[in-house]
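Participant: My questions will all concern the structure given below.
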Amino acid sequence: MKSKELLLVIVVLLSSIVYGQKVSVPKFGKGIFNLKGADNSWSMKIGARMQFLATSNWNIVEGDLKEPSSSFLIRRARLKFNGFAFSPKLKYKIELGLSNNDIGGGSIHTNNAPRYILDALVMWNFYQNFSLLVGQAKLPGNRERVVSSGDLQLVDRSLLNRYFNIDRDLGIQLKHFFAISEKFHVKETIAISQGEGRNVTTGNLGGYQYTGRLELFPFGEFSDAKGGYKGADLVREQDPKLAVGFTYDFNDDAVKNRSNMGGYMVNDIGYYKTDISTLFVDAMLKYKGFSFMGEYSLRDAADPIVKNSDNTIVLDKNDDPMVVQVGEGLNLQAGYLFKNNWEFSGRYTHIAFDKKVINKDFENQYTIGLSKYIAGHKLKIQTDVSYLDVVNVSDKLMYRIQLDVHF
Numbered sequence: 001m002k003s004k005e006l007l008l009v010i011v012v013l014l015s016s017i018v019y020g021q022k023v024s025v026p027k028f029g030k031g032i033f034n035l036k037g038a039d040n041s042w043s044m045k046i047g048a049r050m051q052f053l054a055t056s057n058w059n060i061v062e063g064d065l066k067e068p069s070s071s072f073l074i075r076r077a078r079l080k081f082n083g084f085a086f087s088p089k090l091k092y093k094i095e096l097g098l099s100n101n102d103i104g105g106g107s108i109h110t111n112n113a114p115r116y117i118l119d120a121l122v123m124w125n126f127y128q129n130f131s132l133l134v135g136q137a138k139l140p141g142n143r144e145r146v147v148s149s150g151d152l153q154l155v156d157r158s159l160l161n162r163y164f165n166i167d168r169d170l171g172i173q174l175k176h177f178f179a180i181s182e183k184f185h186v187k188e189t190i191a192i193s194q195g196e197g198r199n200v201t202t203g204n205l206g207g208y209q210y211t212g213r214l215e216l217f218p219f220g221e222f223s224d225a226k227g228g229y230k231g232a233d234l235v236r237e238q239d240p241k242l243a244v245g246f247t248y249d250f251n252d253d254a255v256k257n258r259s260n261m262g263g264y265m266v267n268d269i270g271y272y273k274t275d276i277s278t279l280f281v282d283a284m285l286k287y288k289g290f291s292f293m294g295e296y297s298l299r300d301a302a303d304p305i306v307k308n309s310d311n312t313i314v315l316d317k318n319d320d321p322m323v324v325q326v327g328e329g330l331n332l333q334a335g336y337l338f339k340n341n342w343e344f345s346g347r348y349t350h351i352a353f354d355k356k357v358i359n360k361d362f363e364n365q366y367t368i369g370l371s372k373y374i375a376g377h378k379l380k381i382q383t384d385v386s387y388l389d390v391v392n393v394s395d396k397l398m399y400r401i402q403l404d405v406h407f
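Final position of the sequence shown in my numbering is 407; the numbers increase by one with none missing.
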């Protein structure tokens, strides 16, 4: 189905849903409109958001900027639907991506179709502080990945997220929270998923993926319910708020070179399989306009070098050994929000692959950002400059500017 046809179907469906229902038009940033059944047995909030991104890149050769390149694109264009069905304890969410960046990556494993669906889930609060999530959703991985792309402090996520995140998958998640004291809160999530990422239709080629996350709030919850997963201290916390998270992910017999992400490891008999484990440690701190986020990642594999059935090494398109992307990453970023809603921020990212497996030197990226929050994260302009230091490779300079609009 083409994008125009999909949009037409959505418009027709929404028109039929709206007819005869209670409709409210919320203020900017709270959805396009909210629907509620006449008998209050269901609800639906409909939202949309867009990101427009311009990027310029240069190679740095002997102190001079060389080989300039630039691009302008619709980075994201999405529709979101969420609410409850039958009971407020049974919630759902559907998020569709319409930009090329959102739907790209189709293959035989996704029926060679555009990957429109980002999230499609149902979450049931079945007993006290326990909730069960079923469907396709973000796994409880590194904090930066769980933060929505519309709530980032800088134009986009870091190199750590690019190389080590575990993104979305299809499966089940069990969530729970409890309080040790009046302020000290704890949240836990356990997930079992297919292990091959989103929108896969060919079944489970490897084993299953198991993820566990523990998160501590020693000074109590953030004032904003999602404050631990939003960039910048937009509410200007009057007391220090801290969230510390620990995630361990194990992908049994993984067939992709970045756990459930990256490319399939194809060999002479089909797919190469190996156990891949990923560890994340992260933290978010906010206080009176200051915010800090730190993350550490570590990925390892039982046998990271892809082999054929006769034990010969499989080569990639560059005639290099095909391997699992193992190594470690560190990402540190901080910012200060002024009373006029301008924010200066900075980020340092260090990536070090396992040189016993990957013949590639470490990368350091330094980023300085400036953001103007016109209506919080719902309407903002962000720009940043990044310097990428790669040993034995030409350094690079990147400039980006982005407009976010969320309805």
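C-beta: ideal position from N, C-alpha, C; glycine also.
Note that the coordinates shown come from a computational prediction; the quantities given were computed from them, not determined experimentally.
(1) Between F177 and N129, which are expected to be in contact by the criterion C-beta below 8 Å, what is the C-beta distance as a whole number of angstroms?
(2) Rounded to whole angstroms, what's the CA-CA distance from I94 to A120? Just pull it up for me.
(3) Would you report the Cα separation of E237 and V186, rounded to the nearest angstrom?
(4) Taking just the CA atoms, how far does S371 sit from H403?
(5) Go through its chain and collect everything with a Cβ distance to F86's Cβ below 8 Å, but skip five positions before and after it.
(6) So L139 is in the beta strand (DSSP E); what residue range does that whole segment cover?
(7) Hey, how far is the Cα of D389 from the Cα of D395?
(8) Just how far apart, CA to CA, sit K360 and L132?
(9) Heavy atom of the ligand FAD less than 8 Å from the Cβ of P240, yes or no?
(10) Since F164 is in the alpha helix (DSSP H), which residue starts that stretch and which ends it?
(11) Give every residue of the same chain whose Cβ lies closer than 6 Å to the Cβ of D233, excluding the five residues on either side of it in the sequence, and list them in chain order.
(12) Thinking just about the alpha-carbon of each residue, which of Q51, T202, K30 is nearest to the one in G83?
(13) Give me the residue from V134, A283, S56, A48 with the minimum Cα distance to S99.
(14) Comparing alpha-carbon positions, which option in I46, L216, R75 lies nearest F52?
(15) How many angstroms separate the CA atom of S24 from the CA atom of Y373?
(16) Just grab the DSSP bridge partners of P88 for me.
(17) Going along the chain, which residues of its own chain have a beta-carbon closer than 6 Å to the beta-carbon of K230, five neighbours each way excluded?
(18) If you follow the alpha helix (DSSP H) that D239 is in, where does it begin and where does it stop?
(19) Where DSSP assigns a beta bridge to T349, which residues make up the other side?
(20) State the beta-bridge partners of R115 as determined by DSSP.
(21) Mapping the DSSP letters down to three states, classify R168 as helix, strand or coil.
(22) Tell me, which residues are paired with K187 by DSSP?
(23) According to the neighbour-count rule (16 or more other Cβ atoms, all chains shown, within 10 Å of its Cβ), is N161 buried or exposed?
(24) Here's the rule I'm using: 16 or more other beta-carbon atoms within 10 Å means buried, otherwise exposed. How should K356 be labelled?
Facilitator: Let's see:
(1) Mapped onto the sequence shown, residue 177 falls at position 177. Mapped onto the sequence shown, residue 129 falls at position 129. Between N129 and F177 the Cβ distance is about 5 Å, and since that is below 8 Å, they are a contact.
(2) Taking the sequence shown and counting its residues from 1, one reaches residue 94 at position 94. Taking the sequence shown and counting its residues from 1, one reaches residue 120 at position 120. One alpha carbon belongs to I94, the other to A120, and they sit about 5 Å apart.
(3) Position 237 of the sequence shown, counted from the start, is the residue given in the question as residue 237. Position 186 of the sequence shown, counted from the start, is the residue given in the question as residue 186. Between E237 and V186, the alpha-carbon positions lie close to 20 Å from each other.
(4) Here residue 403 corresponds to residue number 403 of the sequence shown, with the count starting at 1. Here residue 371 corresponds to residue number 371 of the sequence shown, with the count starting at 1. Before going on, a small fix: residue 403 reads as Leu here, not His. Rounded to the nearest angstrom, the two C-alpha atoms are 10 Å apart.
(5) For the purposes of this step, residue 86 is taken as the residue at position 86 of the sequence shown. Around F86: S41, W42.
(6) Reading the sequence shown from its first residue, position 139 is the one you call residue 139. Premise fails: L139 is in no beta strand (DSSP E) and is neither H nor E.
(7) The residue given as residue 389 occupies position 389 in the sequence shown. The residue given as residue 395 occupies position 395 in the sequence shown. Rounded to whole angstroms, D389 to D395 spans 5 Å at the Cα level.
(8) For the purposes of this step, residue 360 is taken as residue 360 along the sequence shown, with counting starting at 1. For the purposes of this step, residue 132 is taken as residue 132 along the sequence shown, with counting starting at 1. Cα-Cα distance, rounded: 42 Å.
(9) By its list of ligands, the structure shown contains no ligand whatsoever, and the ligand FAD lies outside what it can speak to.
(10) As a position in the sequence shown, residue 164 is number 164, starting the count at 1. The continuous alpha helix (DSSP H) containing F164 extends over residues 159–164.
(11) Locating residue 233 in the sequence shown gives position 233, where the first residue counts as 1. Result list for D233: K286, G289, S291, L337, in chain order.
(12) Residue mapping note: residue 83 aligns to position 83 of the sequence shown, counting from 1. Comparing Cα positions, the closest option is K30.
(13) What you label residue 99 is simply residue 99 of the sequence shown in a count that begins at 1. Considering only alpha carbons, the answer is A48.
(14) Residue mapping note: residue 52 aligns to position 52 of the sequence shown, counting from 1. Closest by alpha carbon: R75.
(15) Here residue 24 refers to the residue found at position 24 when the sequence shown is read from its first residue. Here residue 373 refers to the residue found at position 373 when the sequence shown is read from its first residue. When only Cα atoms are considered, S24 and Y373 end up about 26 Å apart.
(16) If you number the sequence shown from 1, residue 88 lands on position 88. Answer by DSSP bridge pairing: none, since P88 is not bridged.
(17) Here the question's residue 230 lines up with position 230 in the sequence shown. Here the set comprises D151.
(18) Residue numbering aside, residue 239 sits at position 239 when the sequence shown is read from its first letter. According to the DSSP assignment, D239 belongs to no alpha helix (DSSP H), since it is labelled neither H nor E.
(19) Translated into positions along the sequence shown, residue 349 becomes position 349. Beta-bridge partners assigned by DSSP to T349: N331, Q365.
(20) Taking the sequence shown and counting its residues from 1, the one referred to as residue 115 is at position 115. Partner(s): none; R115 has no beta bridge.
(21) Stepping through the sequence shown from its first residue, residue 168 is reached at position 168. Assignment of R168 by DSSP, reduced to helix, strand and coil, places it in the strand class.
(22) What you label residue 187 is simply residue 187 of the sequence shown in a count that begins at 1. Its beta-bridge partners are F177, E215.
(23) Taking the first residue of the sequence shown as 1, we reach residue 161 at position 161. Its Cβ being crowded by 16 or more others within 10 Å, N161 is buried.
(24) Along the sequence shown, one-based indexing puts residue 356 at 356. K356 should be labelled exposed.
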